[in-house]
Amino acid sequence: MSDVPAIEVLDLQKSFGENHAVQGVSFDVKQGEIFSLLGPNGAGKTTTISMLSCLLRPNNGDARVMGHSIRSDSTGVKSVLGVVPQDIALYEDLTARENLSFWGKMYGLRGSKLKLRVDEVLDVIGLRDRANERVGKYSGGMKRRVNIGVALLHKPKVIYMDEPTVGIDPQSRRNILDSVVKLKDEGMTVLYTTHYMEEAQELSDHIGIMDHGKLIACGTGEELVKLVGQQTRIDLTLNGDGSNVMQMWQAIDGVSRVSAEDGLVSVLVADSNLVLPHLFEAAAQLSIRITSVDIREPNLEAVFLHLTGRALRD
Amino acid sequence: MKVFDIALKDLTRSFRSTFAVVFMLGVPLLVTGMFYFMFGNIASEGGFSLPKTKVVIANLDEGGPKFQVNPKNIPGGKKADTMGDLIVSILQSEDMADLIEVALVTSAESARTAVDSQNAQVAIIIPANFSHQFADVDGEAVIEFYQDPTLTIGPAIMRAILNRFMDGMAGVKIAVNVFLDEADSSKYVFAGQVVQLYLKDSLAESDDPAEELLDVRTPANGQNNEAEESQNLMLNIIGSIMGGMMVFYAYFTGASTAQSILREEEEHTLPRLFTTPTSQATILTGKFLSVFMTVFVQVIVLLIAARLIFGIQWGGILSVALMAAGIIFSASSFGIFLNSFLKNSKQGGVLFGGGLTVTGMMGMIKIFAMNSAIANKMGDTISLLVPQGWAIRGLMQSMNGEPTVSVLITLLASLVWSVTFFVIGVWRFNRRYV
Ligand SMILES: Nc1ncnc2c1ncn2[C@@H]1O[C@H](COP(=O)(O)OP(=O)(O)OP(=O)(O)O)[C@@H](O)[C@H]1O
Ligand SMILES: [Mg+2]
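Going line by line, the protein sequences match chains A and B.
So the first sequence is numbered by our numbering: it starts at 54 and just counts up by one.
So the second sequence is numbered by our numbering: it starts at 76 and just counts up by one.
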C-alpha cells in the first residue's frame, strides 16, 4: 500500500473561458513526503489544488488521492483529505474553539473524541490559552494558524496547504513551517504551495515549479539546482553605462551568461571566487564603478530564472 | 445530524450579532413601545388617553321645531334652540373634553379649509335644514363629516361619537314621528320633550364617554371585564402595529439569514464546507433550516415579549400557533427565494430596499388603513398579492378571535406561497453550486 503514491496527478487541465489556468499537469506525491508547488501569482497552483480537492471539475485528466479518483469518488477523496485554503475560511464571530468544534463535526467527529481532538489541535497551533476568543479579534498570524488547525482535526492522511504563510509576521511563519515538518514526521503527506522559494527549498522532499499553468520542472531541490549547472549568480550594480563592461565580462573564462535587468547586472559563473577579481579588473579598465555586489549560490530562484528568463517575483 | 450542526452554528452567529438582534427583536419592540407610550401607559395609570382630536364645526342649522329641552339636561348646561346646537353642546361638553378640542366656524367652506390646511383633523358640517329634516317624517338628517384622509385614529374616534349620537337620535326620531302621526303636527314642542327624555336617560348616565365610545371591538377571548374593555382599542392599535412590525421584520430576518449562504461563499467557508466529507444536500439543507430556525426564534420571542410587555392578546393558542407558522414559513422561504436571484451579498441592498420594503408595505396596507372603509377594501386586495399580506391576515384573524378554521385556511394559503418560493429557491441554489 505504501508504494502507491499518496497523490497521482494525470494530465489535469482547467480553463476559465479563454484563460487556460492549468494546462496538462502531471506529478506524483509519495506517501509521507512534503511536495511543494512553487510558482508566481497566477501560475495555477490554487486551481490545481481546487481540482485535487474536488471543488473544481477538471476539463480533462484525472487524479487519485490515496487511490480515490477525484472524478468518480469525491467522497472517498474528501474523507482522507484536510485542506488549508489560501484564503482564511473561518467564522469570525465564533471563537477558535467553536470553529474547531464545528469543523470537527463536519469531518464526522463527535462527543468526547471531538473535544479531545479540539484540545490537541489547539495545542499544536499554540492557541489553547486564547481558544475562547472570537477569531475576528485574532491577528493575521493567529487566524492562519486556526485555518491550518481546522484541516488537522480528523488526522487526515493527506493535507493540502495553499500558501499558508502569506502576509504574516516572521514568528508565526516560523511556527507554521515547523508544524508542517511535524506533520510529515507524524506520517502525513503534505502538498504545499508557495511562491517563496526559500520555503520550498527548506521544507520539501520534492518540488514542482509551475508557471503559466504548466509544470515546467519537477524534482528534489538538488536535482532542480543541477538544471542550472551548479552555477552561482553574481548580481552587480554599476554606476554608468554597463554595456561595454558586460561585453568584456562575457569573454572572461568561467562566465556562462551575463544579463541586465532594471539596472542590475547578473552574471552566471561556475566559481565566484575565481571570477570575481576579473570582473572588478575589467570594470576598472573602463573606469566604471561597481557600487554593490551580491553573490547568490545556486538556488531555485536561479532555476526559475534559467527556465523562464524571469525572476520568480515578477 | 450535520444538518442541525450547520443550522445551530448559523443560529449562534445570528443571535451573536448585535446588529442582527437589534433588527430582529429590538426595532419591532421599540417601534411598538413608541406607539405604546404615545397612547399612554396602562400599567401606571390604569387607563390611557389618546391625543385630542381637533374638530371644527360649522353649525348652519336654521332650526325647525321648537325645542324645549331643559338646559339642565344638556351637557354643559347651554341653551339649545336647534338640533345643531344640541350636537355642538354635546361635543363641547366637559365629558368630551378629554377626547376632542372643538372650534366653531361660520361656514362650511372654512370648516373644510381648516382640515385641508391641517389645522383640524375633522370638520363637521351641520346643514341649514338639519332640524327640519329631523322633524320631517320622510326627511333625512345628514351631517357632513370631512376628514384628513391621511389620519385614521382621530377621525375614527370622532365618527364613533357621532354615530353613537345619531343612532340614539334615530330612535328618538322614530318616537317623534310616531308621535307626530297621532298629534297635531304643529305641536313640535313635544318633539323637544322626547329629545330631552333621550338625553336624560342615555347620554347623561354615562359618566365617561371615552370609555364607552372607544369600546369599538370585542376582545378576542370574549372577556367582559370593564377595565379590560377600556383598553381594547388601544391594545388593538398596538397589537396591529406590533403584528405588522413582527411580520415586516420576520421577512427581513428571513432574507438576511438566507443571505448568509452568499456571505459564506464570500467568506470562503462555503467552499471549505464542500471540501469536507459532507454532501451538498446536507450543507444546503442546514443553511435553509437555519433560516427557518432563526425566524422561528424571532417570532416566538416577539410574541411572548409583546404579550408580557404590552399585554397584547394574540388570540387562542391554536390560532396563534397557526398564524405564527404562516409567518415563519412564508418569511423564511421568501428570503431563500429572493437571495437565490442575487449574484453576491452586495446586491442585498437592492433586496432589502426594494423587494422587501415594497412588498412589506403592500402587505401591511390594511394596518395603515385601519378604519377607513375604502382603503380597507382596497387594502384587502392589494395586500393579498404579496405573502406578507397573508401573514398579516392570519395574525388579524387570530387577534380578532375568528374561528380557527379561518386562520387555518389563511395558513394554507401562506403555505402555498412558501412551498412555491422554497422550491424555486432550492432549485436555483442547487444549480448554482453543482
Ligand atoms: N474562478 C475563476 N474564474 C476565472 N478565472 C480564474 C478563476 N480562478 C482562477 N482563475 C485564473 O486562473 C489563473 C490561475 O489562478 P490560480 O489562482 O490558480 O493561481 P495561483 O498560482 O494560485 O496564484 P496565487 O499565487 O496568486 O494564488 C489566473 O489567471 C486566474 O486569474
Ligand atoms: Mg493561489
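C-beta atoms are modelled at their ideal positions from N, C-alpha and C, and glycine is treated no differently.
Rounded straight-line distance, which links the Cα of residue j to that of residue i
i	j	result
ALA204 of chain A	LEU490 of chain B	41 Å
GLY159 of chain B	PRO202 of chain B	8 Å
ALA337 of chain A	THR101 of chain A	51 Å
PRO294 of chain B	GLY314 of chain B	Low local confidence applies: a pLDDT of 31 at PRO294 of chain B is under 50, so the model's placement there is unreliable, and no value is given.
GLN193 of chain B	ASP223 of chain B	8 Å
ASN352 of chain A	ALA313 of chain A	19 Å
ALA198 of chain B	ILE440 of chain B	25 Å
GLY101 of chain B	GLN422 of chain B	25 Å
TYR111 of chain B	ILE457 of chain B	28 Å
LYS221 of chain B	MET437 of chain B	The question names Lys, but residue 221 of chain B is Tyr in the sequence shown. The straight-line gap from Cα to Cα measures roughly 26 Å.
GLU86 of chain A	VAL118 of chain A	14 Å
GLU252 of chain A	ALA356 of chain B	39 Å
ARG181 of chain A	GLN224 of chain A	18 Å
TRP156 of chain A	TRP502 of chain B	26 Å
PHE80 of chain A	CYS271 of chain A	8 Å
LEU104 of chain B	ALA325 of chain B	13 Å
VAL171 of chain A	SER154 of chain A	6 Å
GLU61 of chain A	GLY424 of chain B	46 Å
PRO230 of chain B	THR107 of chain B	21 Å
GLY135 of chain A	ALA381 of chain B	48 Å
ILE269 of chain A	SER420 of chain B	39 Å
VAL57 of chain A	VAL82 of chain A	9 Å
LEU167 of chain A	TYR144 of chain A	18 Å
TRP492 of chain B	ALA400 of chain B	13 Å
LEU426 of chain B	TYR160 of chain A	35 Å
Cβ-heavy atom distance, residue i to ligand 2, below 7 Å
i	result
THR99 of chain A	yes
ASP264 of chain A	no
GLU252 of chain A	no
Near ligand 1: residue i beta-carbon under 7 Å from a heavy atom
i	result
PHE79 of chain B	no
PHE349 of chain B	no
GLN139 of chain A	yes
ALA270 of chain A	no
HIS343 of chain B	no
ALA74 of chain A	yes
ASN13 of chain A	What is shown of chain A runs 54 to 367, which leaves residue 13 of chain A out entirely.
PHE80 of chain A	no
HIS248 of chain A	yes
GLU61 of chain A	no
GLU216 of chain A	yes
PHE69 of chain A	yes
First and last residue of the uninterrupted alpha helix (DSSP H) at residue i
i	result
TYR111 of chain B	102-113
VAL480 of chain B	479-507
HIS414 of chain A	Only positions 54 to 367 of chain A appear in the structure, and residue 414 of chain A is not among them; the question remains open.
GLY410 of chain B	392-414
ASP85 of chain B	77-91
ARG150 of chain A	149-159
ASP172 of chain A	164-177
HIS8 of chain A	The structure shown does not extend to residue 8 of chain A, since chain A is modelled only from 54 through 367, so no value can be given for it.
GLY476 of chain B	Unbroken run through GLY476 of chain B: none, as it is neither H nor E.
VAL137 of chain A	Run containing VAL137 of chain A: none in the alpha helix (DSSP H); it sits in the beta strand (DSSP E), 134-137.
Delimiting residues of the beta strand (DSSP E) encompassing residue i
i	result
LYS129 of chain B	128-134
GLN66 of chain A	60-69
THR344 of chain B	Counting along the chain, THR344 of chain B falls outside any beta strand (DSSP E), though it belongs to the alpha helix (DSSP H) covering 344-350.
ARG349 of chain A	342-349
LEU244 of chain A	242-247
GLU314 of chain A	308-314
LEU317 of chain A	317-322
ILE260 of chain A	259-264
Of all the beta strand (DSSP E) runs that stay within the bounds of the segment 269-296 of chain A, which reach a length of 3 or more residues?
-> 285-292
Counting Cβ pairs, one atom from each stretch, are 3 or more of them under 8 Å apart for the segment 83-90 of chain B and the segment 356-375 of chain B?
-> Yes: the two stretches touch, three or more of their Cβ pairs being nearer than 8 Å.
Fully enclosed by the segment 82-128 of chain A, which alpha helix (DSSP H) runs are 4 residues long or longer?
-> Counting only runs that start and end inside the segment 82-128 of chain A, the alpha helix (DSSP H) elements of at least 4 residues fall at 98-105.
Pick out the complete beta strand (DSSP E) segments inside the segment 180-238 of chain B, 3 residues or longer, and give them in chain order.
-> 197-201 and 219-222
Check whether the segment 342-352 of chain A touches the segment 322-341 of chain B, counting contact only when three or more Cβ pairs, one atom from each stretch, lie closer than 8 Å.
-> no
Ranges of the beta strand (DSSP E) found wholly within the segment 180-226 of chain A, counting only runs of at least 3 = Listed in chain order, the complete beta strand (DSSP E) runs (minimum 3 residues) inside the segment 180-226 of chain A are 211-215.
Three or more C-beta pairs closer than 8 Å, one from the segment 379-391 of chain B and one from the segment 234-254 of chain A: is that the case here?
-> no
Three or more beta-carbon pairs under 8 Å between the segment 403-414 of chain B and the segment 491-500 of chain B, yes or no?
-> yes
Looking at C-beta atoms only, is the number of pairs between the segment 215-235 of chain A and the segment 258-269 of chain A that lie closer than 8 Å three or more?
-> no
Check whether the segment 321-329 of chain A touches the segment 293-311 of chain A, taking contact to mean three or more Cβ pairs, one atom from each stretch, closer than 8 Å.
-> yes
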